[in-house]
Amino acid sequence: MTMITDAAASGCPSGLAPPTPSQASDFSAFVREKKGLKTLTLSVRGAKCGGCLSKIENKLSAVSGVQQARMNLSNGKLQVAWTGATTADRIADTVAALGYGVSAFSEDSSAKAAKSEERDLLISMGVAAFALANVMLLSVSVWGGHGEMGEQTRTALHGISGLIALPVLIFSGRHFFMSAFAALRRGHANMDVPISLALVLAFGVSVWETATGGAHAYFDASIMLLCFLLIGRFLDARLRRQTQAAAHELAALQNRSLNRIGADGRAEAIRADEVQKGDRILLAAGERAVVDLKITQGMSGIDESMVSGESLPRTIGSGETLYAGSLNLDQPLTGEALGPASDSLLSQIADMLEAGEQKRARYRQIADKAVALYVPFVHTTAALAFVAWLMMGASAHQAVLIAVSTLIITCPCALALAAPVAQVVASGSLFKQGIFLRSGDALERLAEIDHLVLDKTGTLTLGTPRLVSAHGEELQLAAHLARASRHPLSRAIVETAGPGSIADDIREHPGLGVEGSVNSQSYRLGSAEWVGASAPVSQTGPSLWFVGPDMKPVLFEFEDQLQSDASETLAALKQRGLGLEILSGDRGEAVSKIANTLAIETWHAQVSPTGKADRLDALRAAGKKVLMVGDGLNDAGALALAHASLAPGGAMDVSQSASDAVYSGGLGALQTVLSVSKRTKNVMLQNFGLAAAYNCVAVPIAVTGHVTPLIAAIAMSASSLIVTLNALRIKGALT
Amino acid sequence: MTIIIYLIPVALGLGLLGLGAFLWSVSTNQYDDLDGAAHRILMDDDAPLPRRSKLSE
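So the protein sequences, as listed, match chains R and B.
At position 691 of the first sequence (counting the first as 1) the number is 691 in our numbering, and the numbers step up by one without a gap.
Heads up: take any position in the second sequence, counting from 1, add 1000, and you land on our numbering.
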């Protein structure tokens, strides 16, 4: 029980996601106000279950003035409306205090367009399904009454079917017609060209048949085709939109606010995109820089682990440059912006991301390859059937009917469903295991991986130092000083020592240490030179010295610990035949130690962000299919360039959106992702195989002239059903 | 067979009713948060019901 209450205190009560820290930010710049009603949309990370939903909504509703708080669990957007004096920061802090990551959110136009496209497809699908049901009702009567039904009744039923089909074909079919038309105008052909051709020909032939009182009308077949194709198209659009939303997170990071010092010396909160070169920016302790700054005033320790991968903080002072993404640890800093947010290091990484996207866009999915084979095959077959029947003395009417029925029955219903259904099922099962897929085709790329490149800090390791040499009494004393500091090493001491009181007269000396008095005796916690101790000969990890009156200096040693399942997972991956490699921005000693522990032969230390990207390029050139796993800003470029990439849940937003998938929990997720993607690829190949086998049976029946509308309807729905059921096996195999 | 003159419009009408309901559900954002809706129905933190004795008075 205690475990459950502990988890409920912070983050997801079901334990589906770890408590997510928020980045300090000012939210007042994102509030929209209308007639006294203020609204704010927040992007919440770490909310995964119904418990999170009620926890967040109830807590917010209890805040004074809040009229409405509604959280969307699917996309993590939280909308809050309130009146009165409550500030936006109060709202955001309330959610952050519950253990969720909060950032301001403003929707851009491309996300809106993608959403309306998805909605259009859903409506078109609904309309087509309505028409299909009604036309089928009439068609079944015609098939059932075959031989008994009078010609007039049959023609009347055909006529009504046609009247239902025509508006629906125009409305729901416009997606295919417009795309096909656009492609033809540019002199290309895409998948929509044969689809449109089949739809129009099926409808045209049916009108002709109805007008001449013929026995076979294909209205049902053309609408069924439309309906199945729209299902596939809708699933595809939905997955694609989720991908775009992921990319949008990059913009959400840029949306963060910062404090500008005006001419009158007062600080005001502005949005990151409002910063101009030369602005004076105040960076409070605990705040992450949004733009590159040249420090003009103050001295403080900064944590650059997200920028360079360096796990130890360094001291920065006046005249030095602070890069966007760095975290200010102890003292407020004032600096001059070196350019707008779009010119910061962050945006250079954004350029790298774009380059990576372009490389990835060239990737040809299995579906594309299948279509390239399929289109010429079907059209040649239909044309040959037409010519052959004419030469054998059939009437033009009969030959056209056979050619069209060939096109209808081979129309790629199953082909259009084969990939999207498998991708949707796989991403759904991964989601349940805490792995969030960013793009559908990522599964295909993940299945091809033969080389694994890992970042060290925060990916292989926990990213936060842990105290390894503990001293009972001195530890408690030192903790009094450490509690006043934000420095990661101080935090590690506090974590081991537990809660307690804070020393008096605390003075923090940036880059040196903390000074304070306990029981009116003065103590120092900091670097060896500063406290006056001699540095030990062999020092593997970061360390702190602690001295006081009448006591010998005490050494505290720290270590960045490995993820608990790291060695196990990597051994298993090695067994799969993957090449392993560490690519880190950290110092050589730190990286080699980890590499030795994990028995990884290839490692590179002190690699710059561009260095990481270059290494990925080199591996690509060598023909390796690389899976990159990383969390820092410095990994983002490499993540985008890799054949496939993964980021842990605690990663920087930029890195998350550069990756194909984000996982929560330990490195064990890597194995899950790889096996699910392999399985999905297999199922997709099976599906295309099934679709091909179906055509092998259907084409001979069609070209020999044995297809009736009844056979076409059965064959088409059966093949789509088989493909869908086969895809559902991915889910079954996982549990 | 004249009965189909009535039955076909009736069938179409029923279908249109369903279509109308579907279009309404799409336009009122019913499909925006499928995961949230699944959890919301299980939340039982409603306000307590008024006491029975009060109602009968």
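Glycine residues also receive a C-beta, built at the ideal position from the N, C-alpha and C atoms.
Quick check on DSSP: helix, strand or coil for E581 (chain R)?
Three-state result, E581 (chain R): strand.
Along the chain, where does the beta strand (DSSP E) containing F558 (chain R) start, and where does it finish?
Segment V554 to L562, the beta strand (DSSP E) holding F558 (chain R).
Would you please state the rounded distance, in angstroms, between the beta carbons of A640 (chain R) and M352 (chain R)? I believe it to be under 8 angstroms.
Right, the Cβ-Cβ distance comes to about 6 angstroms (below 8 angstroms), so this counts as a contact.
With the cut-off set at 8 angstroms, would you say A289 (chain R) and L322 (chain R) are in Cβ contact?
Yes.
Suppose you measure from the CA of H1039 (chain B) to the CA of C52 (chain R); what does that come to, to the nearest Å?
Whole-angstrom Cα-Cα distance: 10 angstroms.
What is the DSSP secondary structure of D220 (chain R), reduced to helix, strand or coil?
Reduced to three states, the DSSP call for D220 (chain R) is helix.
Do three or more CB pairs link the region 166–182 of chain R to the region 384–396 of chain R at distances below 8 angstroms?
Because the criterion of three Cβ pairs below 8 angstroms is not met, the region 166–182 of chain R and the region 384–396 of chain R do not touch.
In the DSSP assignment, find the alpha helix (DSSP H) that holds M684 (chain R) and state where it starts and stops.
Where M684 (chain R) is concerned, the enclosing alpha helix (DSSP H) stretches over A669 to V703.
Closer than 8 angstroms by beta-carbon distance: list the chain R residues that pair up with Y1031 (chain B), in chain order.
Those are L122, listed as they occur along chain R.
DSSP beta-bridge partners for K68 (chain R)?
One point to set straight first is that residue 68 (chain R) is Gln, not Lys, in the sequence displayed. Q68 (chain R) is bridged to R:A81.
Quick check on N58 (chain R): buried or exposed, where buried means 16 or more other Cβ atoms within 10 Å of its Cβ?
Exposed, because fewer than 16 other Cβ atoms sit within 10 Å of the Cβ of N58 (chain R).
Who does E515 (chain R) pair with in a DSSP beta bridge?
DSSP, once it has assigned bridges, lists R:R507 and R:R524 as partnering E515 (chain R).
Determine whether the beta carbon atoms of L37 (chain R) and F27 (chain R) lie at a separation below 8 angstroms.
Taking 8 angstroms as the Cβ cut-off, L37 (chain R) and F27 (chain R) do not qualify as a contacting pair.
Just reading off the beta strand (DSSP E) that A269 (chain R) is part of, what are its end residues?
Taken as a continuous stretch (DSSP letters only), the beta strand (DSSP E) holding A269 (chain R) covers A267 to R271.
Which residues does DSSP pair with Q1030 (chain B) in a beta bridge?
Answer by DSSP bridge pairing: none, since Q1030 (chain B) is not bridged.
Of all the options R:R260, R:K678, R:S326 and R:K277, which has the alpha carbon lying nearest to the alpha carbon of G286 (chain R)?
Of the candidates R:R260, R:K678, R:S326 and R:K277, the one whose C-alpha sits nearest the C-alpha of G286 (chain R) is R:S326.
Examine chain B for any beta-carbon lying closer than 8 angstroms to the beta-carbon of M71 (chain R), and answer yes or no.
Closer than 8 angstroms: yes.
Taking 7 angstroms as the cut-off, is the C-beta of M628 (chain R) nearer than that to any heavy atom in the ligand ZN?
Among the components modelled here there is no ligand, and therefore nothing to report on the ligand ZN.
For H509 (chain R) and G500 (chain R), I'd like the C-alpha separation in whole angstroms.
About 22 angstroms.
Relative to the alpha-carbon of Q276 (chain R), which residue among R:L512, R:L338, R:L225 and R:S222 has its alpha-carbon at the smallest distance?
Closest option to Q276 (chain R), Cα to Cα, is R:L338.
L443 (chain R) and S677 (chain R) - do their beta-carbons sit closer together than 8 angstroms?
The answer is yes: Cβ separation under 8 angstroms.
Give the DSSP-derived three-state secondary structure of P488 (chain R) in the structure shown.
Three-state result, P488 (chain R): helix.
Thinking C-beta only, is G458 (chain R) closer than 8 angstroms to G611 (chain R)?
Against a cut-off of 8 angstroms, the Cβ pair of G458 (chain R) and G611 (chain R) comes out as no contact.
From Q365 (chain R) to V207 (chain R), what does the alpha carbon distance come to, in whole angstroms?
Cα-Cα distance, rounded: 38 angstroms.
Would you please state the rounded distance, in angstroms, between the beta carbons of S103 (chain R) and S43 (chain R)? I believe it to be under 8 angstroms.
Correct: roughly 5 angstroms between the Cβ atoms.
Taking the alpha helix (DSSP H) that R620 (chain R) belongs to, which residues open and close that run?
That run of the alpha helix (DSSP H) goes P609 to A621.
Using a Cβ cut-off of 8 angstroms (strictly closer), state whether F234 (chain R) contacts chain B.
By this cut-off, F234 (chain R) is not an interface position.
Using only CA atoms, which one of R:K294, R:V291, R:N259 and R:I270 lies nearest to A284 (chain R)?
The shortest Cα separation from A284 (chain R) among R:K294, R:V291, R:N259 and R:I270 belongs to R:N259.
Name, going along the chain, the residues of the region 1011–1027 of chain B whose beta-carbon falls closer than 8 angstroms to a beta-carbon of chain R.
Per Cβ criterion, the list reads A1011, L1012, G1015, L1016, G1018, L1019, F1022, L1023 and V1026.
Only counting the same chain, and skipping five residues up and downstream in sequence, which positions put a Cβ closer than 7 angstroms to that of V591 (chain R)?
Excluding positions up to five away in sequence, the list reads K456, I582, S584, W603 and A605.
Drop a sphere of 10 angstroms on the beta-carbon of D560 (chain R), count the other beta-carbons inside from all chains shown, and report buried for 16 or more, exposed for fewer.
Its Cβ being crowded by 16 or more others within 10 Å, D560 (chain R) is buried.
Does the region 705–719 of chain R come close enough to the region 476–492 of chain R that 3 or more CB-CB pairs lie under 8 angstroms?
Counting Cβ pairs under 8 angstroms, fewer than three are found: no touch.
Near A422 (chain R), which residues of its chain fall below 7 angstroms by C-beta distance, leaving aside the five closest residues on each side in sequence?
So the qualifying residues of the chain are T680, V683, M684, N687, A727 and I730.
Quick check on the burial criterion: 16 or more other C-beta atoms within 10 angstroms. Buried or exposed for N634 (chain R)?
When all chains shown are included, N634 (chain R) counts as buried.
So is G1036 (chain B) in contact with chain R if we call contact Cβ pairs under 8 angstroms?
Output row for G1036 (chain B): interface = yes.
Tell me, to the nearest whole angstrom, how far the beta carbon of L736 (chain R) is from that of A691 (chain R); I am working on the premise that it is less than 8 angstroms.
Residue numbering for chain R in the displayed model covers 1 to 735; residue 736 (chain R) lies beyond these limits and cannot be assessed.
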